[in-house]
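S.K.:
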Amino acid sequence: MKTLVVFYSLEGNTKLVANMIAEELGAEILELKPKKEIPKGKFLKFVWGGKSVIFGEKPELLNQIPNMEAYDTVFIGTPIWAGTFAPPINTFISSNIIADKKVAFFACNAGGGSKKCFGKLKTLFINNIIIGSIDFVDPAKQNKERVKEEVKAWIKKIS
Ligand SMILES: Cc1cc2nc3c(=O)[nH]c(=O)nc-3n(C[C@H](O)[C@H](O)[C@H](O)COP(=O)(O)O)c2cc1C
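Residue numbers for the sequence shown follow the numbering used here, beginning at 9 and rising by one.
(1) Determine the extent of the alpha helix (DSSP H) in which residue 129 is found, giving its start and end residues.
(2) Between 118, 96, 57 and 127, which has its C-alpha nearest residue 43's C-alpha?
(3) Give the C-beta separation of residue 66 and residue 117 to the nearest angstrom, bearing in mind that I take them to be a contact with Cβ-Cβ under 8 Å.
(4) Near residue 48, which residues of its chain fall below 8 Å by C-beta distance, leaving aside the five closest residues on each side in sequence?
(5) Going by C-alpha to C-alpha distance, which of 136, 62 and 78 sits closest to residue 12?
(6) Just tell me which of 68, 29, 38 and 89 has its CA closest to the CA of residue 55.
(7) Tell me the residue span of the alpha helix (DSSP H) that contains residue 100.
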């Protein structure tokens, strides 16, 4: 049985952590890519991203979602947008039946919102065993080695 690390990242923070987790576990990795990416402009991204969260959007993805039966453990990673997970995660969750798996969450934020996000995600994965969750504050701006050590320690704790 295998582990899948699935994530969305607009600006590379969640991607950094996802790569570290996948490398540590020798896991497969799936980066969710929306067909229409939101603009990365300083203010526009908040307007577009915020609207997308508020309206509960499920943006179409470029990815083929793999058969989840093949995995026994799934890590789900997201940036915090307006206090919750980013809309591509919505699309992933609603296009799969994920049950009887070990599930872990990781999130990146600029200061807060992860706790609420993890609480919401837990309610969407009630038929699974939640093995852990962790969050980082803009890790791409932090010392990468320290982030890696934190990831390693977390993996060890939940494994
Ligand atoms: C649309 C949008 C909404 C955001 N909302 C929040 C928020 O509610 N709380 C927070 O701490 N950071 C918020 N952020 C900041 C990101 O969560 C943070 O910078 C994160 O590290 C970005 O991850 P990424 O590089 O993987 O996209 C928001 C960013 C965007 C683009």
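Virtual Cβ for every residue (Gly too), placed ideally from N, Cα, C.
This structure is a prediction, so every number in the text was calculated from the model and none was measured.
M.R.: On the basis of the data shown:
(1) For the purposes of this step, residue 129 is identified with residue 121 of the sequence shown, where counting begins at 1. Note, residue 129: alpha helix (DSSP H), 122–132.
(2) One-based indexing of the sequence shown puts residue 43 at position 35. Of the listed residues, the one whose Cα sits closest to residue 43 is 96.
(3) The residue labelled residue 66 in the question sits at position 58 within the sequence shown. The residue labelled residue 117 in the question sits at position 109 within the sequence shown. Residue 66 to residue 117, Cβ: 22 Å. No contact.
(4) The count along the sequence shown starts at 1 and reaches residue 48 at position 40. If we look at residue 48 and ignore the five residues flanking it on each side, its Cβ neighbours are 18 and 19.
(5) Residue mapping note: residue 12 aligns to position 4 of the sequence shown, counting from 1. The shortest Cα separation from residue 12 among 136, 62 and 78 belongs to 78.
(6) Residue numbering aside, residue 55 sits at position 47 when the sequence shown is read from its first letter. When each option's Cα is compared against that of residue 55, the closest is 89.
(7) The residue you call residue 100 lines up with position 92 of the sequence shown. Where residue 100 is concerned, the enclosing alpha helix (DSSP H) stretches over 95–102.
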